[in-house]
Amino acid sequence: MSDVTFTAPRSTRPVAAGRLQVLGFLAALVLGLVLLTLSCGRGCVPPGDVWAALTGAPEANAAFVVTELRLPRAVMGLLAGASFGLGGVAFQIMLRNSLASPDIIGISASAGAAAVFAIVILALDGWLVSLVAVAAGLGVAALIWALSSRRGAAGARLILIGIGVSAMLDSVTAYVLLEAPAWDRAEAMRWLTGSLNGMQLVQALPVAGALLVFGGLLAVTARDLEVLRLGDDTAEALGVRADATRLRVTLAAVGLVAIATAATGPIAFVAFLAGPIAARLLPGSRGLLLAAGLVGAVLVIAGDFVGQFLLPARLPVGVVTGAVGAPFLLYLIVRANRNGGTL
8 MSDVTFTAPR
18 STRPVAAGRL
28 QVLGFLAALV
38 LGLVLLTLSC
48 GRGCVPPGDV
58 WAALTGAPEA
68 NAAFVVTELR
78 LPRAVMGLLA
88 GASFGLGGVA
98 FQIMLRNSLA
108 SPDIIGISAS
118 AGAAAVFAIV
128 ILALDGWLVS
138 LVAVAAGLGV
148 AALIWALSSR
158 RGAAGARLIL
168 IGIGVSAMLD
178 SVTAYVLLEA
188 PAWDRAEAMR
198 WLTGSLNGMQ
208 LVQALPVAGA
218 LLVFGGLLAV
228 TARDLEVLRL
238 GDDTAEALGV
248 RADATRLRVT
258 LAAVGLVAIA
268 TAATGPIAFV
278 AFLAGPIAAR
288 LLPGSRGLLL
298 AAGLVGAVLV
308 IAGDFVGQFL
318 LPARLPVGVV
328 TGAVGAPFLL
338 YLIVRANRNG
348 GTL
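Position in the sequence shown (from 1) plus 7 gives the number in my numbering.
In structure tokens form, the structure reads like this:
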């Protein structure tokens, strides 16, 4: 397998104005999708009633539907999607490889396996499941890093090792499910598809906290992360400590993906898709982290709406994103082969 370099197409348009336009468009799209989710479903709620329900007006109609059923779903979709998008693009930039996303190289699988073990075997819930998922994600990231190389950890070697580790963890998950009681097995299988069903606002708190803390860590590391794309030697010459930067980015990205996975299950390919889509919408690198977070939110909220209301059968969001992401993965591989390994 040839290396697949994560690069963004160039543009001659004014960079600052174009960047603000794209980010503004993505933010407006996220807001529009949230409003659509709150207003439309099996029955439509007028925008005025949605606003009344959100502001707590005592005469609000359909307040229960909006605040108890649709709002938690929309909030979790936004937070989890942004977390997946940020974590995915951080890995892709750091490793200079579009295939090196958490759901390809085993980070999501490790968080999923750990969460299933914690829920089914240890009978844990809440923040304890998130803690176990983060610990497993960090452990697997360290293992993949150690096995792939001691410096740089990019290219086909890391991806192949990650795919192998992911397959092994999927087997562990399958064994845990096989030994679980029927009811726990059914619940875990539903969770493993990646779903926003049955969400409550309290479940979004760990994801919101992770997005605030780890997203902030990525924001303050963004400049060093961009310099790291030039290679370790160049980064060191420019005063950037490559290993320390890589450690901070890994901690932040794994934390984002693992905690989001513990909350929603492994929503397929969102972390993988968000970065390349954002890179094509936003030429250059400045603002790419924010753009990828917004794209991730768009993918999850839109995928959930499509799966729930626009298809003949109601499908979890992970099924919809998986159906979109798998062909895109094949497209990237074919395109990379044609371009000599460059996306």
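Glycine residues also receive a C-beta, built at the ideal position from the N, C-alpha and C atoms.
Is the beta carbon of residue j closer than 8 Å to that of residue i?
i: residue 308; j: residue 88; result: yes
i: residue 289; j: residue 278; result: no
i: residue 168; j: residue 155; result: yes
i: residue 268; j: residue 122; result: yes
i: residue 252; j: residue 232; result: yes
i: residue 126; j: residue 136; result: yes
i: residue 120; j: residue 143; result: yes
i: residue 94; j: residue 264; result: yes
i: residue 101; j: residue 234; result: no
i: residue 6; j: residue 300; result: Any question about residue 6 goes unanswered here, given that the chain covers just 8 to 350.
i: residue 210; j: residue 270; result: yes
i: residue 111; j: residue 151; result: no
Could you check how far apart the C-beta atoms of residue i and residue j are, in whole angstroms? I think they sit under 8 Å.
i: residue 258; j: residue 332; result: Going by Cβ atoms, the distance from residue 258 to residue 332 rounds to 25 Å, so no, they are not a contact pair.
i: residue 218; j: residue 86; result: 6 Å
i: residue 314; j: residue 324; result: 5 Å
i: residue 43; j: residue 312; result: 7 Å
i: residue 201; j: residue 133; result: Rounded, the Cβ-Cβ distance is 19 Å, inconsistent with contact.
i: residue 316; j: residue 262; result: Contact doesn't hold; Cβ gap of about 32 Å is too wide.
i: residue 57; j: residue 45; result: 5 Å
i: residue 199; j: residue 192; result: Their Cβ separation, rounded to whole angstroms, is 10 Å, which puts residue 199 and residue 192 out of contact at 8 Å.
Exposed or buried, what is residue i when buried is set at 16 or more other beta-carbons lying within 10 Å of its beta-carbon?
i: residue 341; result: exposed
i: residue 97; result: buried
i: residue 240; result: exposed
i: residue 2; result: With the chain represented from 8 up to 350, any question about residue 2 goes unanswered, as that position is not in the structure.
i: residue 213; result: buried
i: residue 80; result: buried
i: residue 113; result: buried
i: residue 196; result: exposed
i: residue 71; result: exposed
i: residue 103; result: buried
i: residue 295; result: buried
i: residue 33; result: buried
i: residue 254; result: exposed
i: residue 64; result: exposed
i: residue 35; result: exposed
i: residue 6; result: One cannot answer for residue 6 here, as it falls past the ends of the chain, which runs 8 to 350.
Whole angstroms is fine: what's the gap from residue i's alpha carbon to residue j's?
i: residue 145; j: residue 116; result: 12 Å
i: residue 105; j: residue 282; result: 8 Å
i: residue 284; j: residue 305; result: 11 Å
i: residue 188; j: residue 215; result: 32 Å
i: residue 244; j: residue 109; result: 29 Å
i: residue 76; j: residue 31; result: 28 Å
i: residue 160; j: residue 242; result: Unreliable positioning characterises residue 160 in this predicted model, as indicated by a pLDDT of 49, which lies under 50. A coordinate reading is not provided.
i: residue 84; j: residue 186; result: 31 Å
i: residue 238; j: residue 26; result: 25 Å
i: residue 327; j: residue 310; result: 6 Å
i: residue 37; j: residue 164; result: 36 Å
i: residue 274; j: residue 329; result: 8 Å
i: residue 319; j: residue 51; result: 18 Å
i: residue 29; j: residue 334; result: 25 Å
i: residue 153; j: residue 78; result: 42 Å
i: residue 226; j: residue 148; result: 21 Å
i: residue 182; j: residue 173; result: 14 Å
i: residue 90; j: residue 118; result: 14 Å
i: residue 74; j: residue 236; result: 44 Å
i: residue 286; j: residue 190; result: 43 Å
i: residue 194; j: residue 229; result: 38 Å
i: residue 260; j: residue 206; result: 23 Å
i: residue 276; j: residue 247; result: 31 Å
i: residue 69; j: residue 176; result: 43 Å
i: residue 49; j: residue 204; result: 15 Å
i: residue 249; j: residue 47; result: 48 Å
i: residue 128; j: residue 139; result: 13 Å
i: residue 339; j: residue 321; result: 29 Å
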